[in-house]
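Please read the structure below before turning to the comments.
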Amino acid sequence: MGEKRIYLTTPIYYVNALPHIGHAYTTIVCDVVRRYYGLLGYDTYFLTGTDEHGAKIMRAAEEQGETPQAYVDRISQAFRDLWPRLALEPSDFIRTTEPRHKQVVQRILQDLHDRGEIYFEKYGGSYCVGCERFYTEKELAESGGLCPDHQVKPTWIEEENYFFRMSNYRQWLIEHIRAHPDFVRPERYRNEILSFLSEPLRDLCISRPRSRLPWGIPLPFDENYVTYVWFDALVNYISALGYPDGEKFQRYWPVVEHYIAKDILKPHAVYWPTMLRAMGIETYRHLNVHGYWNYGELKMSKSLGNVARPLDLTSVYGVDALRYFVMREMVFGLDANFDEHAFNERYNSNLADDLGNLLSRLTAMIRRYCEGRVPPSHTLEHGDQALLTLIDAVVQSLPQWLGELKFHHVIEETLQAVRSLNRYINDNEPWALAKAGRRERLETVLHVAARGTVVTLQLLGPVMPAKSAEALSWLGVEETDAKIDPARLRAGAPVVAGNVLFPKIRLGRPEDEKPAEPKVAPPQKREKKMAEISFDEFMKVDLRVAKIIEAARVEGTQKLVRMTIDLGDEQREIVAAIAEQYVPEQLVGMNIVVVANLAPRKVRGILSKGMLLAAVQDEATLCLVTTDGDCAPGTKVE
Numbered sequence: 155m156g157e158k159r160i161y162l163t164t165p166i167y168y169v170n171a172l173p174h175i176g177h178a179y180t181t182i183v184c185d186v187v188r189r190y191y192g193l194l195g196y197d198t199y200f201l202t203g204t205d206e207h208g209a210k211i212m213r214a215a216e217e218q219g220e221t222p223q224a225y226v227d228r229i230s231q232a233f234r235d236l237w238p239r240l241a242l243e244p245s246d247f248i249r250t251t252e253p254r255h256k257q258v259v260q261r262i263l264q265d266l267h268d269r270g271e272i273y274f275e276k277y278g279g280s281y282c283v284g285c286e287r288f289y290t291e292k293e294l295a296e297s298g299g300l301c302p303d304h305q306v307k308p309t310w311i312e313e314e315n316y317f318f319r320m321s322n323y324r325q326w327l328i329e330h331i332r333a334h335p336d337f338v339r340p341e342r343y344r345n346e347i348l349s350f351l352s353e354p355l356r357d358l359c360i361s362r363p364r365s366r367l368p369w370g371i372p373l374p375f376d377e378n379y380v381t382y383v384w385f386d387a388l389v390n391y392i393s394a395l396g397y398p399d400g401e402k403f404q405r406y407w408p409v410v411e412h413y414i415a416k417d418i419l420k421p422h423a424v425y426w427p428t429m430l431r432a433m434g435i436e437t438y439r440h441l442n443v444h445g446y447w448n449y450g451e452l453k454m455s456k457s458l459g460n461v462a463r464p465l466d467l468t469s470v471y472g473v474d475a476l477r478y479f480v481m482r483e484m485v486f487g488l489d490a491n492f493d494e495h496a497f498n499e500r501y502n503s504n505l506a507d508d509l510g511n512l513l514s515r516l517t518a519m520i521r522r523y524c525e526g527r528v529p530p531s532h533t534l535e536h537g538d539q540a541l542l543t544l545i546d547a548v549v550q551s552l553p554q555w556l557g558e559l560k561f562h563h564v565i566e567e568t569l570q571a572v573r574s575l576n577r578y579i580n581d582n583e584p585w586a587l588a589k590a591g592r593r594e595r596l597e598t599v600l601h602v603a604a605r606g607t608v609v610t611l612q613l614l615g616p617v618m619p620a621k622s623a624e625a626l627s628w629l630g631v632e633e634t635d636a637k638i639d640p641a642r643l644r645a646g647a648p649v650v651a652g653n654v655l656f657p658k659i660r661l662g663r664p665e666d667e668k669p670a671e672p673k674v675a676p677p678q679k680r681e682k683k684m685a686e687i688s689f690d691e692f693m694k695v696d697l698r699v700a701k702i703i704e705a706a707r708v709e710g711t712q713k714l715v716r717m718t719i720d721l722g723d724e725q726r727e728i729v730a731a732i733a734e735q736y737v738p739e740q741l742v743g744m745n746i747v748v749v750a751n752l753a754p755r756k757v758r759g760i761l762s763k764g765m766l767l768a769a770v771q772d773e774a775t776l777c778l779v780t781t782d783g784d785c786a787p788g789t790k791v792e
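Just so you know, the sequence shown maps onto residues 155 to 792 in the working numbering.
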């Protein structure tokens, strides 16, 4: 049998805003799958990156007062910085502004143009600036004449552009999908694409006039035009491998697995395979499509402002808990609801109670009854063997479940094994065996429980790499990416008493920080009449526009953010309790309003020279007062 390999890709993320849970989820999935296949002995390669061209990026850069290149450098770095903090380990990070990518894009475009696959034509259509695409009459009719995503009426645009003869490949694509039923999966998305292809397929516009969109890769055969975003972005999957002659391209492209969210299904399931066919490149093996994360009844999106920032969650629950929740909660292919109550319940029930309790009991009993060392095993009884067989069945089923995209099922079956281990300890009562002096049976029960625990921790390792490695070390098992092997548990290895692996958390508050019960009923609230001030008193307050140039959470606090602000003629530091509503990285570049003549005061040892203005509805709802338009730092607010 030849070497087993797999190439995993996320979409490259559009850098018109900072990363959120949607970006994190797809990347976590690929990282977890990579680690699972690593346990199975595969040579893995994992690619992610950022998509950095387009009109939305130009506008975002202008709003921040930056050049497009400076803007994409900053936001791309925010993505790159986030991944290690979520225990994500991609093999490569591709940027579409890199020379290695531009060269491949231009080479492909020139080749397709030379072979007549690209032509020039005048075109008119309804264009949505937010989507950076034209909509057909049928698509608009289905959404009441409005863009289905942005709910605005598209603008009619007529211009000359270059087109890819995508319509020539419609029948080939239909036949390919029918011949390869798992080409697009789960099946509902395959059916969606076949339904789309039942209608005539239009050629794909692949350019924008440089006069309208200068921020893009120039067409090699016409410097007056730049490439359209999809024809640029999709090529990253092969440009990162050094297409056409790179060793990585030869090694990994034949085993590629694309992972995407369903909002970019059509470009990946229609545009990309037809482009590959025209280029004479073998198409990908599978397009794996997941659903949306919803908040309440709405899809999480940057435009709606209801996104969850990953680091907000990890500061309370930890990185591994976030990875666990998103992998367990979403059935791959379906939508899932992001709810902190559900997060908290899974954390406390699955991790603190089931897994944490198992490890706490097991290590404590080995230390108490076996001098702190893994005991040897003696004669196995039926119940011992049944438990080990149950756990081994999970290991043996792992390749099948991974191939079927049943990641939530892998985790649930592993947790069922954890629960079986807890029941096994309850049923066999090691404390009673110790009291009765049944030494060999006591050692066997604790060894079997430890052996099963090691395997479950190895199975959870791809999902929770840090916590699993920590718990394995308590049982004397060194951290390694080797295959799953219960023999890594050695009789005689020292067992240590670690910290609580997953401390219980009550909706964001550690249990030991629960508020004290009030001894008397609180007084009823009364309407307060605000004291009036004179106009002259108000004029003493010096309100100024300030631009935030640096922001970071104050170490050791949950709410405080330390900011460096530009007041035009000077820079100052201020501290504000806004960390629960704003991620520090989100604040950089914002124009806010501050009280500039407030007496300085120390906050957590930091001298805060000013106070920002914010609208506060309640403890959870706070909105910064910002400026509408381009106001220079230091501008007086009157």
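Glycine included, each C-beta is placed from N, C-alpha and C at the ideal position.
Label residue i either buried or exposed according to how many other C-beta atoms from any shown protein chain fall within 10 Å of its C-beta, with 16 as the threshold for buried.
| i | result |
| --- | --- |
| H412 | buried |
| T533 | exposed |
| I520 | buried |
| E597 | buried |
| T202 | buried |
| E667 | Because the pLDDT of E667 is 38, which lies under 50, any placement of that residue in the model is unreliable, and the number read from its coordinates should be weighed accordingly. By the neighbour-count rule (16 or more Cβ atoms within 10 Å), E667 is not buried but exposed. |
| C184 | buried |
| S230 | buried |
| D538 | buried |
| A753 | exposed |
| R344 | buried |
| N502 | buried |
| T428 | buried |
| P244 | buried |
| C301 | buried |
Short check: CB of residue i to CB of residue j, under 8 Å?
| i | j | result |
| --- | --- | --- |
| Y191 | T198 | yes |
| I371 | F317 | no |
| V383 | K416 | no |
| F350 | K420 | yes |
| M281 | T309 | Looking at the sequence itself, residue 281 is Tyr, so the reference to Met does not match. Closer than 8 Å, so yes. |
| L509 | V572 | yes |
| H207 | T250 | yes |
| A623 | V473 | no |
| L240 | A178 | yes |
Just how far apart, CA to CA, sit residue i and residue j?
| i | j | result |
| --- | --- | --- |
| L655 | L575 | 17 Å |
| A490 | F497 | 12 Å |
| K682 | L614 | With a pLDDT of 47 at K682, under the threshold of 50, the modelled position of that residue is not reliable, and the figure given next carries that caveat. Between K682 and L614, the C-alpha separation is close to 55 Å. |
| I760 | L661 | 30 Å |
| G459 | L559 | Reliability of the predicted coordinates at G459 is poor, the pLDDT of 47 falling under 50, and no value is obtained from them. |
| A786 | D720 | 10 Å |
| L714 | A705 | 10 Å |
| F233 | N170 | 12 Å |
| W426 | L541 | 47 Å |
| Y161 | R261 | 23 Å |
| L587 | V602 | 15 Å |
| A214 | R726 | 26 Å |
| I182 | V528 | 34 Å |
| L611 | L513 | 10 Å |
| L569 | Q404 | 39 Å |
| F385 | P657 | 48 Å |
| D772 | L367 | Unreliable positioning characterises D772 in this predicted model, as indicated by a pLDDT of 49, which lies under 50. The coordinate reading is nonetheless provided below. Their backbone Cα atoms lie some 43 Å apart in a straight line. |
| A768 | A731 | 11 Å |
| Y323 | L358 | 12 Å |
For chain B, check one thing: does any of its Cβ atoms lie closer than 8 Å to the Cβ of residue i?
| i | result |
| --- | --- |
| V791 | This model lacks chain B altogether, as it is built from one protein chain only. |
So who's on the other strand from residue i, going by DSSP bridges?
| i | result |
| --- | --- |
| L441 | V338 and H412 |
| T794 | Nothing in the structure corresponds to residue 794, since the chain is present only between 155 and 792. |
| H288 | Here residue 288 is Phe; the residue named in the question, His, does not match the sequence. F288 is bridged to Y281. |
| S762 | R755 |
| W447 | A490 |
| K560 | DSSP, once it has assigned bridges, lists no residue as partnering K560. |
| I382 | As written in the sequence, residue 382 is Tyr, which differs from the Ile given in the question. DSSP lists no partner for Y382. |
| T780 | I746 |
| G769 | According to the sequence provided, residue 769 is Ala. The question's Gly does not apply to it. According to DSSP, which records beta bridges pairwise, A769 is partnered with C777. |
| K790 | R698 |
Practice task
Pick out the complete beta strand (DSSP E) segments inside the stretch 294-380, 3 residues or longer, and give them in chain order.
Solution key: Entirely contained in the stretch 294-380, the beta strand (DSSP E) runs reaching 3 residues are, in chain order, 309-318 and 361-363.
Exercise for the section: Report the residue ranges of all alpha helix (DSSP H) runs contained in full by the stretch 691-752; include only those spanning at least 4 residues, in chain order. Expected result: Listed in chain order, the alpha helix (DSSP H) elements of length 4 or more contained wholly in the stretch 691-752 are 738-741.
Practice task
Give, in chain order, every unbroken run of the alpha helix (DSSP H) that is at least 4 residues long and sits entirely within the stretch 209-279.
Solution key: The qualifying runs are 209-217, 222-239 and 253-268.
Handout entry: Every unbroken alpha helix (DSSP H) within the stretch 463-537, with a cutoff of 4 residues, ordered by chain
Key = Fully enclosed alpha helix (DSSP H) runs of 4 or longer: 464-471, 473-483, 494-500 and 510-523.
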